[in-house]
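Here is the structure we will look at, set down as structure tokens.
2 protein chains.
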Amino acid sequence: MHFTSETLLDDGVVEREFTLGEIPGILWTPASASASAPAPLILMGHPGGLRYMRSRLTGRALRSAADGFATATIELPGSGDRPPSAQAEQARADLRRTITAGEPVDDELVDRLVLPLVEASVPEWQAALNALLALPEIDGPVGFSGGFISIGIRLATVEPRIAAAGLFAGSYVPRRMFEEARRVSIPLHVLLQWDDEGNDRQAALDLFDAFGSQEKTLQANLGGHTGVPAFAGEDAARFFARHLSRAAVPAGNG
Amino acid sequence: MHFTSETLLDDGVVEREFTLGEIPGILWTPASASASAPAPLILMGHPGGLRYMRSRLTGRALRSAADGFATATIELPGSGDRPPSAQAEQARADLRRTITAGEPVDDELVDRLVLPLVEASVPEWQAALNALLALPEIDGPVGFSGGFISIGIRLATVEPRIAAAGLFAGSYVPRRMFEEARRVSIPLHVLLQWDDEGNDRQAALDLFDAFGSQEKTLQANLGGHTGVPAFAGEDAARFFARHLSRAAVPAGNG
Chain A
7 MHFTSETLLD
17 DGVVEREFTL
27 GEIPGILWTP
37 ASASASAPAP
47 LILMGHPGGL
57 RYMRSRLTGR
67 ALRSAADGFA
77 TATIELPGSG
87 DRPPSAQAEQ
97 ARADLRRTIT
107 AGEPVDDELV
117 DRLVLPLVEA
127 SVPEWQAALN
137 ALLALPEIDG
147 PVGFSGGFIS
157 IGIRLATVEP
167 RIAAAGLFAG
177 SYVPRRMFEE
187 ARRVSIPLHV
197 LLQWDDEGND
207 RQAALDLFDA
217 FGSQEKTLQA
227 NLGGHTGVPA
237 FAGEDAARFF
247 ARHLSRAAVP
257 AGNG
Chain B
7 MHFTSETLLD
17 DGVVEREFTL
27 GEIPGILWTP
37 ASASASAPAP
47 LILMGHPGGL
57 RYMRSRLTGR
67 ALRSAADGFA
77 TATIELPGSG
87 DRPPSAQAEQ
97 ARADLRRTIT
107 AGEPVDDELV
117 DRLVLPLVEA
127 SVPEWQAALN
137 ALLALPEIDG
147 PVGFSGGFIS
157 IGIRLATVEP
167 RIAAAGLFAG
177 SYVPRRMFEE
187 ARRVSIPLHV
197 LLQWDDEGND
207 RQAALDLFDA
217 FGSQEKTLQA
227 NLGGHTGVPA
237 FAGEDAARFF
247 ARHLSRAAVP
257 AGNG
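Same order as they appear, the protein sequences are chains A and B.
To convert a position in the first sequence, counted from 1, into my numbering, add 6.
To convert a position in the second sequence, counted from 1, into my numbering, add 6.
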């Protein structure tokens with residue numbers, strides 16, 4: 007992990023760009039984070055394209071820093087400045103054509119859109135987690151927050167260091183991820199936009215039902231994909247404060 | 007309205023029992039409430055039986071008082087110390103028999119269980135509202151919170167002084183209330199227990215979909231009817247703080 011830039015933001019939050027091998031990423035740490043008082047970490051998901059998503063991600067990271075959390079994100083394979091994938095480009099072109107033609111998006115296309123990205127990116131998130139937790143100013147517990155719900159599901163299943171996840175039910179989910187969802191056992195806070203034009207509401211409700219977690223909350227708000235109200239961000243922040251604050255972690259789990 | 011008892015609770019909250027004609031009720035006011043600084047009011051719904059529900063209702067009222075709100079509730083017709091209704095007793099007996107026999111609860115029975123209570127109780131809640139708002143230490147805006155969702159729907163439709171409602175989707179809802187729900191336009195916070203044994207989850211989701219409000223949030227939590235987690239109460243309290251705090255009310259609406 008190599009830091010390539012460092013910027014001081016409001017309230018003493020430090021924003022650092024980094025590369026992990028060929029993968030670009032960003033780390034935000036609160037002013038309070040130090041080797042003697044390391045900050046818990048939130049891995050922040052997104053749909054791909056760090057440059058385009060930058061200001062929204064920074065806003066969310068600043069909110070988390072106010073609660074004492076470090077936040078980190080990495081670019082997805084095939085997105086942003088990373089080499090494009092012919093397979094992914096083809097799947098996205100097929101999706102556009104299907105939607106334009108008013109045809110249903112079938113399981114085969116959803117699998118092609120999502121599964122290769124999950125397979126390729128989850129080990130990268132785990133490598134990033136290794137590198138981030140090696141920094142003296144960062145420590146567990148670790149949360150996963152946000153976009154690309156299938157990546158969140160897989161991470162929650164395979165990565166025991168993830169202690170809680172705030173997921174956004176706003177994208178296509180392959181059928182096999184419903185099976186993986188049954189094996190998820192960490193606390194979940196799932197956000198759903200009730201009138202999300204690009205999302206299947208019933209599938210999102212079925213997915214919430216499938217999660218195996220003993221503590222899970224679905225928060226559905228009126229509005230489309232990009233209309234998440236400000237108070238929903240506050241509620242998600244409180245979810246992480248409940249589950250990632252050091253005092254909230256049972257002995258042996260932190 | 008005649009006050010029949012007065013008790014000082016923690017944090018200076020005053021609990022007063024009252025009667026409004028033959029209807030018993032309880033009013034909780036925060037220490038801050040006075041003629042020069044009147045408190046906004048939350049009408050607190052419940053399934054009937056004030057004596058049985060007392061400690062839970064007091065807990066919720068104390069929470070609201072901490073946010074500066076007065077809270078009031080009245081007994082439902084035919085419940086608690088009020089004269090029983092032969093019609094309501096018959097409907098409840100039919101419900102017990104239907105559930106014991108494992109038969110579906112049909113629309114006719116739901117109508118008999120709920121509609122007479124809505125018809126009889128909503129004018130009583132409005133009379134209570136008149137009496138409460140006449141007290142110098144209480145003023146608008148007014149919220150409705152809690153149980154018996156059909157009463158909340160009807161009040162939100164017919165009573166313009168109700169500015170926001172926090173509803174609990176945990177009881178049978180007659181089909182005609184879905185039509186009334188379309189005419190509801192105030193901000194809503196709807197709580198659903200995902201595994202409520204006595205509630206139809208799909209009907210609750212359909213009802214949430216039907217509400218005409220431009221701001222509406224559904225919060226679904228894992229667990230049965232009585233398993234509402236503590237943080238859900240906190241989230242509901244923040245909903246009211248957003249919508250009933252004097253600063254949050256647009257000019258002409260307070």
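All C-beta atoms in this analysis are idealised placements derived from N, C-alpha and C, irrespective of residue type, glycine included.
Remember, it's a predicted structure, so these values are computed and weren't measured experimentally.
Identification of residues in the region 83-97 of chain B having a C-beta nearer than 7 Å to some C-beta of chain A yields an empty set. A Cβ of chain B is located within less than 8 Å of the beta carbon of aspartate 241(A).
Residue nearest to proline 142(B) within the set Ala236(B), Pro44(B), Ala242(B), Phe174(B) is Pro44(B) (criterion: CA-CA distance).
Neighbours of asparagine 227(B) in chain A, taken as residues whose beta carbon is under 9 Å from its own, are Glu221, Lys222, Thr223, Leu224 in chain order. In the DSSP annotation of this structure, the continuous segment of the beta strand (DSSP E) that includes glutamine 199(B) starts and ends at 194-199. Judged by beta-carbon spacing, alanine 175(A) lies within the 8 Å limit of valine 196(A), meaning their Cβ atoms are closer than that value.
DSSP, read as helix, strand or coil, puts leucine 173(A) in strand. Taking a beta-carbon distance threshold of 8 Å, leucine 101(B) does not count as an interface residue toward chain A.
A Cβ-Cβ contact shorter than 8 Å links glycine 172(B) with phenylalanine 245(B). Restricted to the region 212-255 of chain B, the alpha helix (DSSP H) segments that are unbroken, complete and at least 4 residues in length are 236-250, listed in chain order. With fewer than 16 other CB atoms across the displayed protein chains lying within 10 angstroms of its CB, proline 90(A) is exposed.
At least one CB atom of chain B sits nearer than 8 Å to the CB of arginine 248(A). Two segments are said to touch when three or more pairs of C-beta atoms, one from each, lie closer than 8 Å; by this definition the region 112-128 of chain B touches the region 86-103 of chain B. From the beta-carbon of leucine 211(A), the residues of chain B found nearer than 8 Å are Leu211. Sorting Glu240(A), His249(A), Ser251(A) by C-alpha distance to the C-alpha of arginine 248(B) places Glu240(A) at the top.
Residues Gln199, Trp200, Val234, Pro235, Ala238 of the same chain have their beta carbon placed closer than 7 Å to that of asparagine 227(A), with the five preceding and five following residues left out of the count. Taking a cut-off of 8 Å on C-beta distances, the region 68-85 of chain B touches the region 51-58 of chain B, as three or more cross pairs fall below it. Counting along the chain, methionine 183(A) sits inside no beta strand (DSSP E); it lies in the alpha helix (DSSP H) bounded by residues 181-188.
DSSP lists Phe24(A), Ile80(A) as the beta-bridge partner residues of glycine 31(A). Nearest neighbour of glycine 229(B) by Cα position, chosen from Thr232(A), Gly229(A), His231(A), Gln220(A), turns out to be Gln220(A). With respect to the C-alpha of leucine 250(B), the residue from Arg181(B), Arg160(B), Asp145(B) having the closest C-alpha is Asp145(B).
Our two residues, tryptophan 131(B) and tryptophan 34(B), have alpha carbons roughly 16 Å apart in a direct line. Nearest to leucine 15(A) by C-alpha distance, out of Pro36(A), Leu224(A), Pro30(A), is Pro36(A).
With respect to chain A, the C-beta atom of phenylalanine 75(B) has no partner C-beta closer than 8 Å. Between alanine 243(A) and serine 70(A) a beta carbon distance of about 7 Å is seen, short of the 8 Å cut, so the two are scored as contacting.
For valine 148(B), the closest alpha carbon among the candidates Ala78(B), Arg57(B), Arg62(B), Tyr58(B) is that of Ala78(B). At a cut-off of 8 Å between beta carbons, phenylalanine 237(B) contacts chain A. If you look at valine 148(B), you'll find it isn't in any alpha helix (DSSP H); it sits in the beta strand (DSSP E) that goes 144-152.
Look at proline 166(B) here: in three-state DSSP terms it is coil, with no helix or strand label.
The distance from the Cβ of arginine 160(A) to that of valine 128(A) is about 5 Å, consistent with a contact at the 8 Å cut-off. The shortest C-alpha to C-alpha distance from phenylalanine 9(A) to any of Gln96(A), Asp17(A), His231(A), Leu26(A) is the one to Leu26(A). Around the C-beta of glutamate 186(B), 16 or more other C-beta atoms lie within 10 Å, and the residue is accordingly described as buried. By the criterion of a C-beta distance shorter than 8 Å, alanine 41(B) is surrounded in its chain by Pro142, Glu143, once the five residues flanking it on both sides are discounted.
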